[in-house]
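Q: Residue numbering for the sequence shown is 12 to 393, as defined by the working numbering.
Don't be surprised by glycine CBs; every beta carbon is placed ideally from N, CA and C.
Before I ask anything, let me first share the structure, which is written out below as structure tokens.
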Amino acid sequence: MKIVYCMIDCSLNGGTERTISIQASYFAKHGHEVHIITEEIPEYDKNMYYFSDKIQFHYLDIGYREVDNSISPLKIWRRIKKGQEHKLTLERLLCQLHPDFTISVFGHEVSFLYSIKDGSRKILQYHFSRFARSIEFQYNGVSVSQKLFTAIKEWRKRRFINRYDAFVVLTKEDAKFWGNIRNLYVITNAISFIPEKSSTCLNKQVISVGRLTVQKGYDMLLDAWSRVVSMHPGWKLVIYGKGDDYVKLQVIIQQYKLGDSVHIFPPTRDIVNKYLESSVYVMSSRYEGFPMVLPEAMACGVPCVSFDAPCGPAEIISDGEDGFITPLGDVQRLAEKLSLLMSDDDLRIKMGKNARRNVMRYSVDRIMKQWVDLFEALKGDI
Numbered sequence: 012m013k014i015v016y017c018m019i020d021c022s023l024n025g026g027t028e029r030t031i032s033i034q035a036s037y038f039a040k041h042g043h044e045v046h047i048i049t050e051e052i053p054e055y056d057k058n059m060y061y062f063s064d065k066i067q068f069h070y071l072d073i074g075y076r077e078v079d080n081s082i083s084p085l086k087i088w089r090r091i092k093k094g095q096e097h098k099l100t101l102e103r104l105l106c107q108l109h110p111d112f113t114i115s116v117f118g119h120e121v122s123f124l125y126s127i128k129d130g131s132r133k134i135l136q137y138h139f140s141r142f143a144r145s146i147e148f149q150y151n152g153v154s155v156s157q158k159l160f161t162a163i164k165e166w167r168k169r170r171f172i173n174r175y176d177a178f179v180v181l182t183k184e185d186a187k188f189w190g191n192i193r194n195l196y197v198i199t200n201a202i203s204f205i206p207e208k209s210s211t212c213l214n215k216q217v218i219s220v221g222r223l224t225v226q227k228g229y230d231m232l233l234d235a236w237s238r239v240v241s242m243h244p245g246w247k248l249v250i251y252g253k254g255d256d257y258v259k260l261q262v263i264i265q266q267y268k269l270g271d272s273v274h275i276f277p278p279t280r281d282i283v284n285k286y287l288e289s290s291v292y293v294m295s296s297r298y299e300g301f302p303m304v305l306p307e308a309m310a311c312g313v314p315c316v317s318f319d320a321p322c323g324p325a326e327i328i329s330d331g332e333d334g335f336i337t338p339l340g341d342v343q344r345l346a347e348k349l350s351l352l353m354s355d356d357d358l359r360i361k362m363g364k365n366a367r368r369n370v371m372r373y374s375v376d377r378i379m380k381q382w383v384d385l386f387e388a389l390k391g392d393i
């Protein structure tokens with residue numbers, strides 16, 4: 012098979028980039044011809060995640076970054092022109108490649124990719140949840156005009172979904188939100204690693220990983236931590252991430268006088284060892300698409316505590332078996348479950364073993380078989 016992925020930028024540090032690195036590298040390893048087309052020149056010299064050296068990359072350099080997220084009439088006009096350039100350039104390349112399948116991860120090409128007559132089946136992968144944008148607006152101060160502009164963009168995207176051969180979302184919960192969508196499939200993400208070792212669950216360390224933004228709810232996590240840390244001497248909370256809320260979170264740490272027990276570190280390529288050094292994973296997100304950090308921590312034998320955020324956590328964690336799910340935004344319940352795990356070595360060890368066993372349903376081979384099955388089904392429709 013010849014498979015093409017269309018992305019914004021494959022060098023970024025994000026869940027979409029990590030997922031496509033797994034998928035594309037898997038297909039390349041198994042003898043398929045894989046191409047990745049990005050609409051932008053890579054922002055970083057080196058990709059954050061591993062991509063097989065058998066993959067062929069094509070950088071279109073459309074330059075949407077110059078004009079996106081602006082309501083200036085001039086920039087809107089320039090964005091339209093760039094969209095026209097994008098379509099012509101991508102169409103020319105796809106007609107040269109003649110792929111069997113072309114997969115978009117909801118970049119700018121979503122409004123026209125389906126119409127390109129290159130002979131390939133067209134697939135959309137959605138790496139967020141249906142209402143992620145509206146939930147984000149509840150917590151971020153954006154202007155009415157910006158909300159309207161974004162709503163129009165989201166409406167335009169939805170218009171085109173039914174014109175694709177398949178629309179793939181990450182969770183059963185999210186699938187219910189999309190309503191009457193033709194050719195809707197649920198395929199979760201695969202975990203990128205299953206280490207040989209497992210956490211002992213005996214180190215007095217709780218870990219959380221993710222961008223320092225309102226989405227991740229670290230303000231609520233620090234509130235919860237302030238309620239339990241005095242009862243558990245020696246325990247530390249480590250957060251790995253960077254983002255706009257760094258200064259805000261440092262102020263909260265000072266307000267709660269948590270400086271001795273909370274540490275924020277930048278993202279690291281050595282995240283596996285950071286999981287293995289920890290005994291509990293905690294996630295305080297307000298919303299998600301499919302939070303890879305949970306199955307990654309579980310693969311390292313670390314039990315998880317998470318809000319029941321839309322979407323993903325409740326489908327990943329088996330409540331009471333390999334971790335705990337608490338009501339969204341209920342800081343006290345989050346604190347209580349954290350405290351329960353921090354106080355009980357045997358419970359942590361038991362749940363950690365369960366987590367490592369249960370998470371194998373997200374292994375690369377199992378998830379990629381679902382993609383192969385989808386390809387076979389789509390080929391059968393020809």
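1. To which residues of the same chain is Ala346 closer than 7 Å at the C-beta, ignoring the five residues directly before and after it?
2. Please report the distance separating the alpha-carbon of Phe188 from that of Ser296.
3. Between the C-alpha atoms of Ile360 and Tyr16, what's the straight-line distance to the nearest angstrom?
4. Roughly how far, in whole angstroms, is the beta-carbon of Val116 from the beta-carbon of Gln136, given that I think they are within contact range, below 8 Å?
5. Let me know if Gln265 comes out buried or exposed under the rule of 16 or more other beta-carbons within 10 Å of its beta-carbon.
6. Exposed or buried, Arg132, counting other C-beta atoms within 10 Å across all chains shown (16 or more means buried)?
7. Tell me, please, which residues DSSP counts as bridged to Phe178.
8. Kindly indicate which three-state DSSP category Asp330 falls into: helix, strand or coil?
9. Excluding the 5 residues flanking Glu51 on each side, which residues of the same chain have their C-beta closer than 8 Å to its C-beta?
10. From Leu287 to Phe204, what does the alpha carbon distance come to, in whole angstroms?
11. Three or more C-beta pairs closer than 8 Å, one from the segment 92 to 100 and one from the segment 56 to 68: is that the case here?
12. Quick check on this structure: which residue in His43, Glu44, Pro53 has the alpha carbon closest to the alpha carbon of Glu28?
13. Excluding the 5 residues flanking Tyr229 on each side, which residues of the same chain have their C-beta closer than 6 Å to its C-beta?
14. Taking contact to mean at least 3 C-beta pairs separated by less than 8 Å, is the segment 168 to 184 in contact with the segment 272 to 286?
15. Along the chain, where does the beta strand (DSSP E) containing Tyr292 start, and where does it finish?
16. Identify the continuous beta strand (DSSP E) that holds Ser219 and give its terminal residues.
17. Go ahead and pull the three-state DSSP assignment for Val15.
18. Does Trp382 pass the burial test, meaning 16 or more other C-beta atoms within 10 Å, or should it be called exposed?
19. Could you pull the DSSP bridge partners for Ser317 from this structure?
20. Figure out for me which residue from Leu352, Phe276, Tyr267 has the closest Cα to the Cα of Leu213.
A: So, from the data block:
1. The count along the sequence shown starts at 1 and reaches residue 346 at position 335. Within the same chain, Ala346 has close Cβ partners Ala235, Arg238, Val239.
2. By one-based count along the sequence shown, residue 188 stands at place 177. By one-based count along the sequence shown, residue 296 stands at place 285. Roughly 19 Å separates the two Cα atoms.
3. Taking the first residue of the sequence shown as 1, we reach residue 360 at position 349. Taking the first residue of the sequence shown as 1, we reach residue 16 at position 5. The straight-line gap from Cα to Cα measures roughly 40 Å.
4. Taking the sequence shown and counting its residues from 1, the one referred to as residue 116 is at position 105. Taking the sequence shown and counting its residues from 1, the one referred to as residue 136 is at position 125. So it is a contact: roughly 5 Å between Cβ atoms.
5. Within the sequence shown, numbered from 1, the residue matching residue 265 stands at position 254. Exposed is the call here.
6. Residue mapping note: residue 132 aligns to position 121 of the sequence shown, counting from 1. Classification for Arg132: buried.
7. Counting from one through the sequence shown, the residue named residue 178 turns up at place 167. DSSP, once it has assigned bridges, lists Leu135, Leu195 as partnering Phe178.
8. What you label residue 330 is simply residue 319 of the sequence shown in a count that begins at 1. Three-state DSSP puts Asp330 in a strand.
9. On the sequence shown, position 40 is the one that residue 51 refers to. Result list for Glu51: Ile19, Asp20, Tyr70, Leu71, Asp72, Ile73, Gly74, Tyr75, Arg76, in chain order.
10. Within the sequence shown, numbered from 1, the residue matching residue 287 stands at position 276. Within the sequence shown, numbered from 1, the residue matching residue 204 stands at position 193. Computed Cα separation, rounded: 13 Å.
11. Here the segment 92 to 100 makes no contact with the segment 56 to 68; the two share fewer than three CB pairs at distances below 8 Å.
12. On the sequence shown, position 17 is the one that residue 28 refers to. Looking at the Cα atoms, Pro53 is the closest of the given residues.
13. Locating residue 229 in the sequence shown gives position 218, counting from the first residue. Cβ within range, chain order: Leu260.
14. Inter-segment contact for the segment 168 to 184 and the segment 272 to 286 is absent: fewer than three beta-carbon pairs are separated by less than 8 Å.
15. Here residue 292 corresponds to residue number 281 of the sequence shown, with the count starting at 1. For Tyr292, the enclosing beta strand (DSSP E) covers residues 291 to 294.
16. As a position in the sequence shown, residue 219 is number 208, starting the count at 1. Per DSSP, Ser219 belongs to the beta strand (DSSP E) from 216 to 220.
17. The residue given as residue 15 occupies position 4 in the sequence shown. In the structure shown, Val15 sits in a strand (DSSP, three-state: E or B).
18. On the sequence shown, position 371 is the one that residue 382 refers to. Buried, by the Cβ-count rule.
19. Numbered from 1 along the sequence shown, position 306 holds the residue referred to as residue 317. Met294, Ile336.
20. As a working note, residue 213 is residue 202 in the sequence shown. Nearest C-alpha to Leu213: Leu352.
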